[in-house]
Each structure stands twice: as C-alpha cells, then as structure tokens.
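All remarks here apply to the structure that follows.
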Amino acid sequence: MSTTQTLLNPTLHSPEVRDFEAALRRRVVGQDRAINSLARAYQVYLAGLSAPGRPLVNLLLLGPTGSGKTRLVEAAGETLLGDIRAVIKVDCAEFQHSHEIAKLIGSPPGYLGHRETQPLITQEVLESHYTDKAKIALVLFDEIEKASDALWQLLLGILDKGTLTLGDNRRVDFSRAMIFLTSNLGTAEVNKLMVGGIGFAGSAERDREELDQKIYRAASEAARRKFSPEFMNRIDRVIVFRSLARLHLEKILDIELTAVQERIIAATGSQFVFQCSPSARDYLLAEGADPKSGARHLKRAVERHLVFPLSNLLATSQIELGDLIIVDFDPAESQLMFYKDSHGALVGAKTEPCEEAAVSSAPSHRVGAARGAARRATRDAA
Ligand SMILES: Nc1ncnc2c1ncn2[C@@H]1O[C@H](COP(=O)(O)OP(=O)(O)O)[C@@H](O)[C@H]1O
Ligand SMILES: [Mg+2]
Numbered sequence: 139m140s141t142t143q144t145l146l147n148p149t150l151h152s153p154e155v156r157d158f159e160a161a162l163r164r165r166v167v168g169q170d171r172a173i174n175s176l177a178r179a180y181q182v183y184l185a186g187l188s189a190p191g192r193p194l195v196n197l198l199l200l201g202p203t204g205s206g207k208t209r210l211v212e213a214a215g216e217t218l219l220g221d222i223r224a225v226i227k228v229d230c231a232e233f234q235h236s237h238e239i240a241k242l243i244g245s246p247p248g249y250l251g252h253r254e255t256q257p258l259i260t261q262e263v264l265e266s267h268y269t270d271k272a273k274i275a276l277v278l279f280d281e282i283e284k285a286s287d288a289l290w291q292l293l294l295g296i297l298d299k300g301t302l303t304l305g306d307n308r309r310v311d312f313s314r315a316m317i318f319l320t321s322n323l324g325t326a327e328v329n330k331l332m333v334g335g336i337g338f339a340g341s342a343e344r345d346r347e348e349l350d351q352k353i354y355r356a357a358s359e360a361a362r363r364k365f366s367p368e369f370m371n372r373i374d375r376v377i378v379f380r381s382l383a384r385l386h387l388e389k390i391l392d393i394e395l396t397a398v399q400e401r402i403i404a405a406t407g408s409q410f411v412f413q414c415s416p417s418a419r420d421y422l423l424a425e426g427a428d429p430k431s432g433a434r435h436l437k438r439a440v441e442r443h444l445v446f447p448l449s450n451l452l453a454t455s456q457i458e459l460g461d462l463i464i465v466d467f468d469p470a471e472s473q474l475m476f477y478k479d480s481h482g483a484l485v486g487a488k489t490e491p492c493e494e495a496a497v498s499s500a501p502s503h504r505v506g507a508a509r510g511a512a513r514r515a516t517r518d519a520a
C-alpha cells in the first residue's frame with residue numbers, strides 16, 4: 139500500500155441517515171435488522187446511487203403477528219414524509235379475485251364504470267406525499283399471500299421494472315418508491331413455537347435466540363415454498379421480525395403511554411398529566427400479554443384500561459386544568475385506580491372500560507365494591 143492511500147470507512151452513515159435510524163428506533167422496538175435495511179436503502183437513495191428502472195428497495199417482511207411489520211413502514215412514513223398516512227397501503231386480501239383488480243388500477247376506457255373506478259395507485263398518488271427532504275413513495279402490500287394471480291402479475295412488474303400499467307394505459311413509475319411486502323406465512327407454525335414451552339415474556343436470552351432461529355426458519359421456508367423463485371429473486375432482502383420479549387414490551391408500553399399523553403395534549407391543550415405507578419404498568423403488561431398477537435393486544439389493553447377511564451374522568455369534569463393524575467393498581471380490587479395528586483383524592487375508581495372487559499375481568503360485585511371504596515376514599519379525603 140502506498141503512503142498516499144488513506145483507509146476509508148464504507149460503513150459510516152451520513153448524519154441524515156443516522157437521524158432516520160434513531161427516529162425509527164424510538165418508534166420500533168427490537169427490530170434492528172429491519173431498521174438497518176431501511177437505513178441502507180435510504181443512504182443509497184441520498185447518495186443518488188439507486189439502481190435505475192426499479193424501485194429503491196423491495197423488502198419482504200415476515201414474522202410473528204404484532205411484532206412491528208406495519209409499524210415499521212408507518213414509522214418510516216412519519217419520519218421521512220412527516221405523516222403516518224403517507225404510506226400507500228394495498229391490502230392484498232381485498233384483491234383476491236382477479237376482477238377486483240380494477241379497484242387498484244382502474245378499468246380500461248369504454249368499460250362499464252370506467253369513470254367511477256379511480257385507480258388506487260397513480261403517479262399523482264405516489265408523488266402526492268413527496269416532501270422537500272424525501273421524494274420517496276412508501277408502498278406497502280399487506281398480506282401478499284392472499285393476492286390473486288392478476289395482482290401477482292402486477293406485483294412482479296412493479297418489483298422488477300418499477301412500472302405499473304393502469305387500466306387506461308397510463309404508466310406509473312415506481313423508481314422512487316420503497317416497496318414493502320408483508321406476509322403472515324408460517325404464522326401458524328410460529329404461533330405454536332411461541333405459545334408452547336418457551337413463551338413470550340421473560341425467557342432466558344439463549345432460549346429466545348433459539349426461538350427466533352426457529353421462527354426465522356419456519357417463516358423463510360414457508361415463503362420459499364409458497365412464492366415462486368421469480369418473485370423471491372426480485373426481493374432485495376427478506377426480513378423475519380423477531381418475537382417480542384418482556385423487555386421489548388416494556389419499551390413499547392412506554393411508547394404507547396407517551397402517545398396517550400400526546401393525544402391528551404393535542405385534544406385538551408395540556409389539560410393534565412398522568413403517571414402510571416410501576417404496579418399499574420405491570421398490570422397493563424399482564425393484561426396486554428398475548429403471545430399470539432404480539433404487541434397488538436398491549437395497545438388494546440392501554441385503550442381499555444387507561445384511555446376509556448381517562449375519557450370518562452375528563453368528560454365528567456373530574457379532571458381540571460393542570461391536574462396530575464396518578465394511576466395505580468389496587469390488588470384488592472384487581473384493577474386500576476385513578477387519583478388526583480393535589481389532595482390525594484380518589485377521582486374515580488370506575489375502571490370497567492367496556493362491557494366486555496367488565497364481564498371478562500371484573501365480576502360485577504367487584505365493580506360495585508370498587509365504587510363503594512371510591513366513595514369511602516373520597517369521603518375520607520374530604
Ligand atoms: N416492534 C415494535 N415496536 C413498537 N411497537 C410495536 C412493535 N410491534 C408491535 N407494536 C405495536 O403493536 C401494534 C401492531 O403492530 P403491527 O406493526 O401492526 O404488527 P404486524 O407485525 O402484525 O404488522 C403497532 O401499531 C404498535 O403499536
Ligand atoms: Mg401488519
């Protein structure tokens with residue numbers, strides 16, 4: 139090596155890409171491989187070196203339900219395009235019959251209903267979400283295993299040549315699009331792996347590694363069995379999402395609780411702040427634990443046990459401007475209790491968030507008992 143040669147670092151990302159990665163990491167927990175793939179594609183785009191005549195990247199996302207596949211794409215929408223709704227989503231299950239393809243690409247001129255069927259994907263739609271920062275379209279094809287043959291043909295064209303021909307022969311150019319394809323293939327096997335023996339939460343790191351290896355094999359083998367080689371050859375990277383451990387779910391709960399607080403600020407102009415005690419958080423994690431639906435159920439538990447009661451408290455003016463609301467778990471009532479911090483007064487113990495929950499998790503005498511306790515506590519405090 140001559141002395142004029144300097145060793146370069148080809149793994150270093152630019153600050154923009156590092157910011158992008160960090161923003162994705164704040165939103166999507168435990169899926170570093172997926173985030174890396176996305177960051178890499180973004181770096182290639184920013185450097186202007188994306189291969190011409192094809193999409194910026196074609197990523198196939200596999201793995202357990204509720205592990206963040208859709209969330210990752212939405213998070214990319216938020217960070218790159220400033221809006222979660224900037225993602226163009228095609229639910230392949232809606233196009234299971236070949237004639238339904240007209241909903242996607244419009245029907246040829248002269249066909250009955252030609253004027254009525256506006257194509258879902260057009261050049262204008264792709265470009266409508268471009269920003270100064272990123273002239274990129276994010277296109278998500280969800281549940282591709284349910285696509286009809288006609289949709290498969292279109293997909294192959296998009297993945298390979300980056301083009302789609304609409305019903306009226308207009309062309310759509312996908313060379314500035316990132317394509318995400320998700321599939322639940324192998325989910326049945328994956329679910330069995332997760333529910334049996336080594337469960338979701340708290341498993342030893344080594345068991346989790348092993349579980350994730352098995353999930354990886356089950357999902358990628360199912361994909362190879364089901365999808366044709368010509369399809370698989372057009373995929374830049376197959377990413378199998380990891381199962382979520384207790385540690386991940388705790389972080390996701392943080393994200394969800396922050397999101398609820400942000401909703402409160404947006405809706406009421408910072409009317410109040412709430413804080414969950416460690417035992418309240420444990421309760422939400424336990425209520426939201428379901429190996430079969432990943433973090434999906436956790437989100438529902440937060441809505442049911444926190445957002446609904448908080449809405450009641452707000453709507454009945456039990457919460458005032460500037461209040462600090464403490465959410466705690468009461469083991470005796472086995473439910474969440476809500477306190478106003480100022481005088482330690484109990485503002486509401488009524489946590490039957492919906493009929494269904496009241497029936498399944500809180501027998502009515504318990505709810506009655508809780509109401510009694512609430513009244514007593516309020517009296518005591520007064
Ligand atoms: N890895 C994750 N990081 C952060 N949130 C997650 C993650 N996985 C799931 N979630 C939460 O669960 C919800 C459902 O996840 P989603 O991405 O739709 O699952 P899927 O993998 O089935 O597409 C998300 O909206 C998000 O709130
Ligand atoms: Mg999904």
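Numbering follows this note's numbering, with no gaps: position 284 of the sequence shown is 422. A virtual CB, placed ideally from N, CA and C, is assigned to each residue, including glycine.
(1) Out of curiosity, what's the CA-to-CA distance linking residue 411 and residue 452?
(2) What residues in its chain sit with their C-beta under 6 Å from that of residue 356, if we drop five residues either side in the sequence?
(3) Rounded to whole angstroms, what's the CA-CA distance from residue 152 to residue 146? Just pull it up for me.
(4) Which one of 433, 308, 428 and 185 has the shortest CA to CA distance from residue 387?
(5) Any idea what DSSP makes of residue 491, helix, strand or coil?
(6) Going by beta carbon distance, what residues of the same chain come within less than 7 Å of residue 273, once the five residues before and after it are set aside?
(7) In whole angstroms, what separates the C-alpha of residue 243 from that of residue 256?
(8) Taking all protein chains shown into account, do 16 or more other C-beta atoms lie within 10 angstroms of the C-beta of residue 491, making it buried, or fewer, making it exposed?
(9) Note down the Cα distance separating residue 369 from residue 212, rounded to an integer number of angstroms.
(10) Nearest-angstrom Cα distance between residue 220 and residue 269?
(11) How about residue 553 and residue 330: are their beta carbons less than 8 Å apart?
(12) Kindly indicate the opening and closing residues of the alpha helix (DSSP H) around residue 523.
(13) Counting by C-beta, which residues lie closer than 5 Å to a heavy atom of ligand 2, in chain order?
(14) Can the beta-carbon of residue 422 be found less than 8 Å from the beta-carbon of residue 372?
(15) Within 10 angstroms of the Cβ of residue 271, are there 16 or more other Cβ atoms? Answer buried if so, exposed if not.
(16) In the DSSP assignment, find the beta strand (DSSP E) that holds residue 473 and state where it starts and stops.
(17) For residue 233, name the three-state secondary structure that DSSP assigns.
(18) Measuring CB atoms only, is the segment 186-194 touching the segment 380-397, in the sense that at least three cross pairs come out at less than 8 Å?
(19) Residue 168: beta carbon under 7 Å from a heavy atom of ligand 1?
(20) By a C-beta neighbour count over all protein chains shown, 10 Å radius and 16 as the cutoff for buried, is residue 447 buried or exposed?
(21) Tell me where the alpha helix (DSSP H) around residue 523 begins and ends.
(22) Quick check: does the Cβ of residue 427 come within less than 7 Å of any heavy atom belonging to ligand 1?
(23) One question on the structure: do residue 402 and residue 381 come within less than 8 Å of each other, judged by their Cβ atoms?
(24) Ligand 1 and residue 437: does the residue's C-beta get closer than 7 Å to at least one heavy atom of that ligand?
(25) Once the 5 residues before and after residue 150 are set aside, which same chain residues still bring their CB inside 7 Å of it?
(26) Per DSSP, what are the beta-bridge partners of residue 309 in this structure?
(27) Nearest to residue 377 by alpha carbon, out of 197, 460 and 167?
(28) So who's on the other strand from residue 466, going by DSSP bridges?
(29) List the whole-angstrom C-beta distance separating residue 261 from residue 225, where the pair is believed to meet the contact cut-off of C-beta under 8 Å.
(30) On a CA-only basis, which of 200, 239 and 441 is nearest residue 533? Give me that one, please.
(31) With DSSP as the reference, please indicate the residues paired to residue 280 in a beta bridge.
(32) Assign residue 320 to one of two classes, buried (16 or more other C-beta atoms within 10 Å of its C-beta) or exposed (fewer than that).
(33) With a 10 Å radius around its C-beta and 16 neighbouring C-beta atoms as the bar for buried, classify residue 360 as buried or exposed.
(34) Using the rule of at least 16 other Cβ atoms within 10 Å of the residue's Cβ for burial, across every protein chain shown, is residue 187 buried or exposed?
(35) With a cut-off of 8 Å on the beta carbons, I'd call residue 280 and residue 208 a contact; round off their distance for me.
The answer reads as follows:
(1) 12 Å
(2) 324, 327 and 328
(3) 14 Å
(4) Ranking the options by Cα distance to residue 387, first place goes to 433.
(5) Residue placement at residue 491 is flagged as unreliable, the pLDDT there being 45, under the threshold of 50; a coordinate-derived value is accordingly withheld.
(6) Cβ within range, chain order: 314.
(7) Cα to Cα, residue 243 sits roughly 8 Å from residue 256.
(8) Because the pLDDT at residue 491 is just 45, under 50, the model does not fix this residue reliably, and the value given afterwards should be weighed accordingly. The residue is buried, with at least 16 neighbouring Cβ atoms inside 10 Å.
(9) 24 Å
(10) One alpha carbon belongs to residue 220, the other to residue 269, and they sit about 8 Å apart.
(11) Past the boundaries of the shown model lies residue 553; the chain is included only from 139 to 520, so the question cannot be answered.
(12) Because the chain here runs from 139 to 520, residue 523 falls outside it and cannot be looked at.
(13) 207 and 208
(14) Going by C-beta atoms, residue 422 is not nearer than 8 Å to residue 372.
(15) It counts as exposed.
(16) Residue 473 -> beta strand (DSSP E) spans 473-478.
(17) In the structure shown, residue 233 adopts helical secondary structure according to DSSP, grouped into three states.
(18) no
(19) yes
(20) Residue 447 should be labelled buried.
(21) The displayed coordinates of the chain run from 139 to 520. Any statement about residue 523 would go beyond what the structure contains.
(22) no
(23) no
(24) In this structure, ligand 1 has a non-hydrogen atom nearer than 7 Å to the beta-carbon of residue 437.
(25) none
(26) DSSP lists 303 as partners of residue 309.
(27) 197
(28) 475
(29) So it is not a contact: roughly 17 Å between Cβ atoms.
(30) The chain is shown only over 139 to 520; residue 533 falls outside these bounds and no answer can be derived.
(31) Answer is 229.
(32) buried
(33) Buried, by the Cβ-count rule.
(34) exposed
(35) Contact between residue 280 and residue 208 holds, since their C-beta atoms are separated by about 7 Å, short of 8 Å.
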